[in-house]
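Engineer: Have a look at this one.
2 protein chains.
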Amino acid sequence: MSARVLVVDDIPANVKLLEAKLGAEYFDVITATNGIDALAICERGEADIVLLDVMMPGMNGFEVCRRLKHSATTAHIPVVIVTALDQPSDRLKGLDAGADDFLTKPIDDTALFARVRSLVRLKSVTDELRQRALASRQLGIADPLAAAAAETGLNGRVLLIEDRPLIAERLTQALSAFHSIETETDAQAALARAAEGDFEIVLVSLDLQNYDGLRLCSQLRSLERTRNLSVLLLGEAEDKSRVLRGLEIGAHDFLVRPIDRNELLARARTLVRRKRFAERLRDSVQSSMEMAVMDQLTGLHNRRYLDSRLSALFDESALRARALSLLVLDVDRFKVVNDSWGHDAGDEVLREFADRIRACTRGIDLVARMGGEEIVVVLPDTALEAARAVAERIRERVEGEAFQIQRGQRAITVTVSIGVASRRAGDAGPVEMMKRADEAVYRAKAAGRNRVIVASAA
Amino acid sequence: MSARVLVVDDIPANVKLLEAKLGAEYFDVITATNGIDALAICERGEADIVLLDVMMPGMNGFEVCRRLKHSATTAHIPVVIVTALDQPSDRLKGLDAGADDFLTKPIDDTALFARVRSLVRLKSVTDELRQRALASRQLGIADPLAAAAAETGLNGRVLLIEDRPLIAERLTQALSAFHSIETETDAQAALARAAEGDFEIVLVSLDLQNYDGLRLCSQLRSLERTRNLSVLLLGEAEDKSRVLRGLEIGAHDFLVRPIDRNELLARARTLVRRKRFAERLRDSVQSSMEMAVMDQLTGLHNRRYLDSRLSALFDESALRARALSLLVLDVDRFKVVNDSWGHDAGDEVLREFADRIRACTRGIDLVARMGGEEIVVVLPDTALEAARAVAERIRERVEGEAFQIQRGQRAITVTVSIGVASRRAGDAGPVEMMKRADEAVYRAKAAGRNRVIVASAA
Numbered sequence: 001m002s003a004r005v006l007v008v009d010d011i012p013a014n015v016k017l018l019e020a021k022l023g024a025e026y027f028d029v030i031t032a033t034n035g036i037d038a039l040a041i042c043e044r045g046e047a048d049i050v051l052l053d054v055m056m057p058g059m060n061g062f063e064v065c066r067r068l069k070h071s072a073t074t075a076h077i078p079v080v081i082v083t084a085l086d087q088p089s090d091r092l093k094g095l096d097a098g099a100d101d102f103l104t105k106p107i108d109d110t111a112l113f114a115r116v117r118s119l120v121r122l123k124s125v126t127d128e129l130r131q132r133a134l135a136s137r138q139l140g141i142a143d144p145l146a147a148a149a150a151e152t153g154l155n156g157r158v159l160l161i162e163d164r165p166l167i168a169e170r171l172t173q174a175l176s177a178f179h180s181i182e183t184e185t186d187a188q189a190a191l192a193r194a195a196e197g198d199f200e201i202v203l204v205s206l207d208l209q210n211y212d213g214l215r216l217c218s219q220l221r222s223l224e225r226t227r228n229l230s231v232l233l234l235g236e237a238e239d240k241s242r243v244l245r246g247l248e249i250g251a252h253d254f255l256v257r258p259i260d261r262n263e264l265l266a267r268a269r270t271l272v273r274r275k276r277f278a279e280r281l282r283d284s285v286q287s288s289m290e291m292a293v294m295d296q297l298t299g300l301h302n303r304r305y306l307d308s309r310l311s312a313l314f315d316e317s318a319l320r321a322r323a324l325s326l327l328v329l330d331v332d333r334f335k336v337v338n339d340s341w342g343h344d345a346g347d348e349v350l351r352e353f354a355d356r357i358r359a360c361t362r363g364i365d366l367v368a369r370m371g372g373e374e375i376v377v378v379l380p381d382t383a384l385e386a387a388r389a390v391a392e393r394i395r396e397r398v399e400g401e402a403f404q405i406q407r408g409q410r411a412i413t414v415t416v417s418i419g420v421a422s423r424r425a426g427d428a429g430p431v432e433m434m435k436r437a438d439e440a441v442y443r444a445k446a447a448g449r450n451r452v453i454v455a456s457a458a
Numbered sequence: 001m002s003a004r005v006l007v008v009d010d011i012p013a014n015v016k017l018l019e020a021k022l023g024a025e026y027f028d029v030i031t032a033t034n035g036i037d038a039l040a041i042c043e044r045g046e047a048d049i050v051l052l053d054v055m056m057p058g059m060n061g062f063e064v065c066r067r068l069k070h071s072a073t074t075a076h077i078p079v080v081i082v083t084a085l086d087q088p089s090d091r092l093k094g095l096d097a098g099a100d101d102f103l104t105k106p107i108d109d110t111a112l113f114a115r116v117r118s119l120v121r122l123k124s125v126t127d128e129l130r131q132r133a134l135a136s137r138q139l140g141i142a143d144p145l146a147a148a149a150a151e152t153g154l155n156g157r158v159l160l161i162e163d164r165p166l167i168a169e170r171l172t173q174a175l176s177a178f179h180s181i182e183t184e185t186d187a188q189a190a191l192a193r194a195a196e197g198d199f200e201i202v203l204v205s206l207d208l209q210n211y212d213g214l215r216l217c218s219q220l221r222s223l224e225r226t227r228n229l230s231v232l233l234l235g236e237a238e239d240k241s242r243v244l245r246g247l248e249i250g251a252h253d254f255l256v257r258p259i260d261r262n263e264l265l266a267r268a269r270t271l272v273r274r275k276r277f278a279e280r281l282r283d284s285v286q287s288s289m290e291m292a293v294m295d296q297l298t299g300l301h302n303r304r305y306l307d308s309r310l311s312a313l314f315d316e317s318a319l320r321a322r323a324l325s326l327l328v329l330d331v332d333r334f335k336v337v338n339d340s341w342g343h344d345a346g347d348e349v350l351r352e353f354a355d356r357i358r359a360c361t362r363g364i365d366l367v368a369r370m371g372g373e374e375i376v377v378v379l380p381d382t383a384l385e386a387a388r389a390v391a392e393r394i395r396e397r398v399e400g401e402a403f404q405i406q407r408g409q410r411a412i413t414v415t416v417s418i419g420v421a422s423r424r425a426g427d428a429g430p431v432e433m434m435k436r437a438d439e440a441v442y443r444a445k446a447a448g449r450n451r452v453i454v455a456s457a458a
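Sequences listed follow chains A and B, in order. Counted from 1, the first sequence has number 457 at position 457 by this note's numbering; the numbering is strictly sequential. Counted from 1, the second sequence has number 168 at position 168 by this note's numbering; the numbering is strictly sequential.
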């Protein structure tokens, strides 16, 4: 998969070398010789991944990385830190700064391409999500990106798959200071636990005695219920080709033994952070969409949802020759509440009114606020007489106890008029039924309010 | 990238062979020996890609493919048809049935893995989108999947990048019966046109005289403005390795010369269909989210949007010491309209009321329906006196011409009361300003309606 790779290094020869290597693999290479330029390129959204040299005059690589990862505009761009020496302290500084990975000079081509490809592939999926979430920010719904960039990556839920007790214990000890960790020794059982549990990352040993760790990794990345988990492979240093193979299959990162405690912690934290970033984006898009069919004040469904569902419910009841009823509820003299006690009191009444209706209806009933003080309840599989009983129960429950307003400072009596109608065999669609219920509620108002009027069955 | 590959063949030896090959590459393999079982597995969402043998007793591969592609539940799953002989007619039948690609027996391993990987990678991106779109269907907002499955893939907008006039002309002739096609001979110019034009697919010749077609493919797949285009490579048969390399880079499909006219048409159509599928999902998620902040009846913003934006507008005006004003507008005696002429007439009045407000406000003003007959207008950079003038203009425009109701059968006079307030230096937040405007509109009502009342500036 092609991508725009930003190479940042103050030494022109290093830039040229990486540019040539990546260009030959058909990556699109952009270059910068200092941190300021690199940050500007990323802010403009022109890079898909950053290869960042540590030793630069002015702003060093760690600082550049930290700034990228703390900005909502750039936090999603994978950063690979390139260090001159294989110094564990540099690795850690990089990972602490939020880097997604690192490479040591002289750069091994296979490792370079494997990491870049793996990070680019993972990014292409989150990019789609991010575009949707960005749209929700532009719409003013929420700003998931800022929240996601602030994520610490601590208190992760980790599943460790390792069948050697001593090693498992050592890893558990290291991780449990910052995360909650469970261990599983059997590969098949691990797969089931990963699918059912509430884990965020899975650590997979490539040296299991009775199972191929790569196979397990492949299954984790394939199964519907586990494919969103982050996978961290643990392998032997001499087993490099299998580890890189793991990245191709879809593992998110790896560690080679002997495992450095601090590096383990840093990488686990990065994975938890990345996973939560994606989840947050997913949640944000999901909740934006839920908002589209919800009434904000009462938490009931809105008119848009009723409009889109009522026809289907009507057609289904007609097809299966089942009953279908509908209540139109209108709070009596609601304008007086608003005028006497203010709009806030009116809102309190509507919220409480919605709660009382909810208490009298089932999960399969559709309750929607039509706007103002009017609420509609659709009752599937319910004939006219039963619907009348539901309406009467609601009416009593509303009248029966005073409504608290002004945060409990005052209580007022509220009543409701309700019109009831059922689907008739001759109805072409739900509009006729709705109209009968509307007329019934109008008659209830005219007859003195606080009553249930039923439109005749045929 | 790992994935669940469904292998469908009635001959056990064939199944075993493919299972072994794919398993060795760490794909998760599921098998079926007939079409019915294969359809059931796909319906249950257990496969990421299907390798489908043509010759099977009962339901043959073409029919299985057709059914998969016509169901909204399974249309997104890539299908690769496996034919016994390299028969162009079989290829075409497969592509006509909606297959994404085909392989001929004996299966070449490199081609097999390249195609499967490429299709799986593309699917992983659409899967994220599809999950969001599925959620919108569950919410009852829309059913983009059914619409997407019904897409024909005709009338595509195609950009052909080929610098040999005769070849370009032949391809254009073939495609122009079903699509609109433009040709570009220069690679850099082509990139610019692809970014700026409204194309759906790009055909890239790998045999350009002055440019590497693979490089062009990589750039198309990397650049923000072209990465959602579908790319079809055209290469020489002996250049197989470059063609497969193109798939790795991110090309969606390829054709080898001499190009069979019908195969070209079939593949172009498949790509157009797939591209539109993804676009439709994107649009659907986007519009679901837009709905969350829109008032359905009037097309104005809703209260949720106002709530989320007003604080920011207030803070900004305070920070920059700029004016900020707010109008609260309430239709006079709106209840009488509903009671006398029905709810539909009330809706007509509200829609027309919204239109007239829109005509008197600027793009930067925020106009939101609060529910019922109340609308709020926020005016950035507008001091109290200017806001009063806007309010007066709206009041006149509402009173000035009668409102059509009952679809133009009747016209009624409508008036509006408006309260105006501006941010004061002492205001801690927008609530105080809003309250002053609310009180002003209340006073306007009390003073006889159809007037503008301005809350004092300090």
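Cβ atoms here follow ideal geometry from the backbone N, Cα and C, with glycine treated the same way.
#1: Taking beta-carbon pairs under 8 Å, can you tell me which members of the region 253 to 280 of chain B lie near chain A?
#2: Tell whether a beta-carbon distance below 8 Å holds between E374 (chain B) and D339 (chain B).
#3: Quick one: give me the first and last residue of the beta strand (DSSP E) that Q404 (chain A) is part of.
#4: Report the neighbours of G45 (chain A) on chain B: residues whose CB is nearer than 8 Å to its CB, in chain order.
#5: Comparing C-alpha positions only, which one of A:F403, A:I412 and A:V398 sits nearest to V452 (chain A)?
#6: Determine the burial state of N210 (chain A): buried for a count of at least 16 other Cβ atoms within 10 Å of its Cβ, exposed for fewer.
#7: Residues in its own chain within less than 6 Å of A391 (chain B) by CB, not counting five upstream and five downstream?
#8: Counting only beta-carbon atoms, is G250 (chain A) nearer than 8 Å to chain B?
#9: Please state the DSSP three-state secondary structure of F254 (chain B).
#10: My understanding is that G541 (chain A) touches F62 (chain A), with C-beta atoms under 8 Å, so please give their C-beta distance in whole angstroms.
#11: Could you pull the DSSP bridge partners for A411 (chain B) from this structure?
#12: The beta strand (DSSP E) spanning I102 (chain B) covers which residue range?
#13: Mind checking who E182 (chain A) pairs with in its DSSP beta bridge?
#14: Would the region 119 to 137 of chain B count as touching the region 281 to 293 of chain A if we require 3 or more Cβ pairs under 8 Å?
#15: For H70 (chain B), count the other beta carbons within 10 Å of its own beta carbon; 16 or more makes it buried, fewer makes it exposed. Which is it?
#16: Can you find at least 3 beta carbon pairs, one from the region 340 to 358 of chain A and one from the region 350 to 363 of chain B, that sit closer than 8 Å?
#17: Which term fits L166 (chain B), buried or exposed, when burial requires 16 or more other beta carbons within 10 angstroms of its beta carbon?
#18: So with CB distances below 7 Å, who are the chain C contacts of Y26 (chain B)?
#19: Which chain A residues sit within Cβ distance under 9 Å of A135 (chain B)?
#20: Using only CA atoms, which one of A:R227, A:R320 and A:V256 lies nearest to S241 (chain A)?
#21: Any beta carbon of chain B sitting closer than 8 Å to that of V50 (chain A)?
#22: Decide if P78 (chain B) is buried, meaning its Cβ has at least 16 other Cβ atoms within 10 Å, or exposed.
#23: Anything in the region 111 to 134 of chain A with a Cβ closer than 7 Å to a Cβ of chain B? List those residues in chain order, please.
#24: Which value, in whole angstroms, describes the spacing of the CA atoms of G448 (chain B) and I412 (chain B)?
#25: Shorter than 8 Å from the beta carbon of R351 (chain B) to some beta carbon of chain A?
#26: First and last residue of the beta strand (DSSP E) that includes G371 (chain B)?
#27: Using 8 Å as the Cβ pair cut-off and three pairs as the minimum, do the region 175 to 183 of chain B and the region 218 to 234 of chain B touch?
#28: Going by DSSP, which residues form a beta bridge with T83 (chain A)?
#29: Take the Cβ of E169 (chain B) as the centre, count every other Cβ of all protein chains shown within 10 Å, and call the residue buried at 16 or more, exposed below.
#30: Determine, using beta-carbon pairs with one atom in the region 270 to 277 of chain A and one in the region 263 to 275 of chain B, whether at least three such pairs fall under 8 Å.
#31: Could you name the residues of the region 419 to 432 of chain A whose beta carbon sits closer than 9 Å to any beta carbon of chain B, in the order they occur along the chain?
#32: Residues in its own chain within less than 7 Å of V7 (chain A) by CB, not counting five upstream and five downstream?
#33: Where L310 (chain B) and V285 (chain B) are concerned, what is the direct C-alpha to C-alpha distance, given to the nearest angstrom?
#34: Please state whether the Cβ-Cβ distance between R132 (chain A) and L159 (chain A) is less than 8 Å.
#35: Alpha carbon to alpha carbon, how far is A440 (chain B) from V454 (chain B)?
#36: I need the straight-line Cα distance from E459 (chain A) to A383 (chain A), nearest angstrom please.
Structural biologist: Inspection of the coordinates gives the following:
#1: Residues passing the 8 Å Cβ filter: none.
#2: In the second sequence, the residue the question calls residue 374 (chain B) occupies position 374. In the second sequence, the residue the question calls residue 339 (chain B) occupies position 339. No. Outside cutoff.
#3: Residue numbering aside, residue 404 (chain A) sits at position 404 when the first sequence is read from its first letter. Start and end: F403 to I405.
#4: Position 45 of the first sequence holds residue 45 (chain A). Under the 8 Å cutoff, chain B gives E224.
#5: As a working note, residue 452 (chain A) is residue 452 in the first sequence. Residue A:V398 is the option with its Cα nearest to V452 (chain A).
#6: Here residue 210 (chain A) refers to the residue found at position 210 when the first sequence is read from its first residue. With fewer than 16 other beta carbons inside 10 angstroms of its own, N210 (chain A) counts as exposed.
#7: For the purposes of this step, residue 391 (chain B) is taken as residue 391 along the second sequence, with counting starting at 1. Cβ neighbours of A391 (chain B) beyond the five flanking positions: L327, I418, V420 and V452.
#8: As a first step, residue 250 (chain A) is located in the first sequence; it is residue number 250 there, counting from the start. For G250 (chain A), the nearest CB of chain B lies under 8 Å from its own CB, placing it at the interface with that chain.
#9: As a working note, residue 254 (chain B) is residue 254 in the second sequence. Here F254 (chain B) sits in strand by DSSP.
#10: With chain A covering only 1 through 458, there is no way to say anything about residue 541 (chain A).
#11: Position 411 of the second sequence, counting from 1, holds the residue named residue 411 (chain B). A411 (chain B) is bridged to B:Q404.
#12: Taking the second sequence and counting its residues from 1, one reaches residue 102 (chain B) at position 102. The residue asked about is misnamed: residue 102 (chain B) is Phe in this sequence, not Ile. Counting along the chain, the beta strand (DSSP E) containing F102 (chain B) begins and ends at D101 to T104.
#13: Within the first sequence, the letter at position 182 stands for residue 182 (chain A). E182 (chain A) pairs with A:L159.
#14: With the cut-off at 8 Å, the region 119 to 137 of chain B and the region 281 to 293 of chain A touch.
#15: For the purposes of this step, residue 70 (chain B) is identified with residue 70 of the second sequence, where counting begins at 1. The residue in question, H70 (chain B), is exposed, as its Cβ has fewer than 16 Cβ neighbours within 10 Å.
#16: Taking 8 Å as the limit for Cβ pairs, the verdict is that the region 350 to 363 of chain B does not touch the region 340 to 358 of chain A.
#17: Working through the second sequence from its first residue, we reach residue 166 (chain B) at position 166. It counts as exposed.
#18: The structure shown contains no chain C; its protein chains are A and B.
#19: To locate residue 135 (chain B), count along the second sequence from 1; it is residue 135. Simply V285, Q286, M289 and E290.
#20: If you number the first sequence from 1, residue 241 (chain A) lands on position 241. Looking at the Cα atoms, A:V256 is the closest of the given residues.
#21: Here residue 50 (chain A) is taken as the residue at index 50 of the first sequence, counted from 1. V50 (chain A) does not count as touching chain B.
#22: Here residue 78 (chain B) refers to the residue found at position 78 of the second sequence. With 16 or more Cβ atoms within 10 Å of its Cβ, P78 (chain B) is classed as buried.
#23: Of all residues in the region 111 to 134 of chain A, only R121, S124, V125, E128, L129 and R132 come within less than 7 Å of chain B when Cβ atoms are compared, listed by chain position.
#24: For the purposes of this step, residue 448 (chain B) is taken as residue 448 along the second sequence, with counting starting at 1. For the purposes of this step, residue 412 (chain B) is taken as residue 412 along the second sequence, with counting starting at 1. Here the alpha carbons of I412 (chain B) and G448 (chain B) stand approximately 19 Å from one another.
#25: Taking the second sequence and counting its residues from 1, the one referred to as residue 351 (chain B) is at position 351. Answer no: the Cβ-Cβ gap between R351 (chain B) and chain A never drops below 8 Å.
#26: Stepping through the second sequence from its first residue, residue 371 (chain B) is reached at position 371. Counted as a single uninterrupted DSSP element, the beta strand (DSSP E) harbouring G371 (chain B) occupies residues L366 to G371.
#27: Cβ pair count under 8 Å is below three, so no.
#28: Locating residue 83 (chain A) in the first sequence gives position 83, where the first residue counts as 1. In DSSP, T83 (chain A) forms a bridge with A:T104.
#29: The count along the second sequence starts at 1 and reaches residue 169 (chain B) at position 169. Note on E169 (chain B): under 16 other CB atoms within 10 angstroms of its CB, so exposed under the neighbour-count rule.
#30: Taking one beta carbon from each stretch, the region 270 to 277 of chain A and the region 263 to 275 of chain B have fewer than 3 pairs nearer than 8 Å; the two do not touch.
#31: Those would be none; no residue qualifies.
#32: Counting from 1 along the first sequence, the entry for residue 7 (chain A) is found at position 7. Leaving aside the five residues that flank V7 (chain A) on each side, the residues in its chain whose CB is nearer than 7 Å to its CB run, in chain order, V15, L18, E19, V29, T31 and L51.
#33: The residue labelled residue 310 (chain B) in the question sits at position 310 within the second sequence. The residue labelled residue 285 (chain B) in the question sits at position 285 within the second sequence. Cα to Cα, L310 (chain B) sits roughly 25 Å from V285 (chain B).
#34: What you label residue 132 (chain A) is simply residue 132 of the first sequence in a count that begins at 1. What you label residue 159 (chain A) is simply residue 159 of the first sequence in a count that begins at 1. Result no, Cβ atoms of R132 (chain A) and L159 (chain A) do not sit closer than 8 Å.
#35: Taking the first residue of the second sequence as position 1, residue 440 (chain B) is located at position 440. Taking the first residue of the second sequence as position 1, residue 454 (chain B) is located at position 454. Taking the Cα positions, A440 (chain B) is about 6 Å away from V454 (chain B).
#36: No answer is possible for residue 459 (chain A): the residues shown for chain A start at 1 and end at 458.
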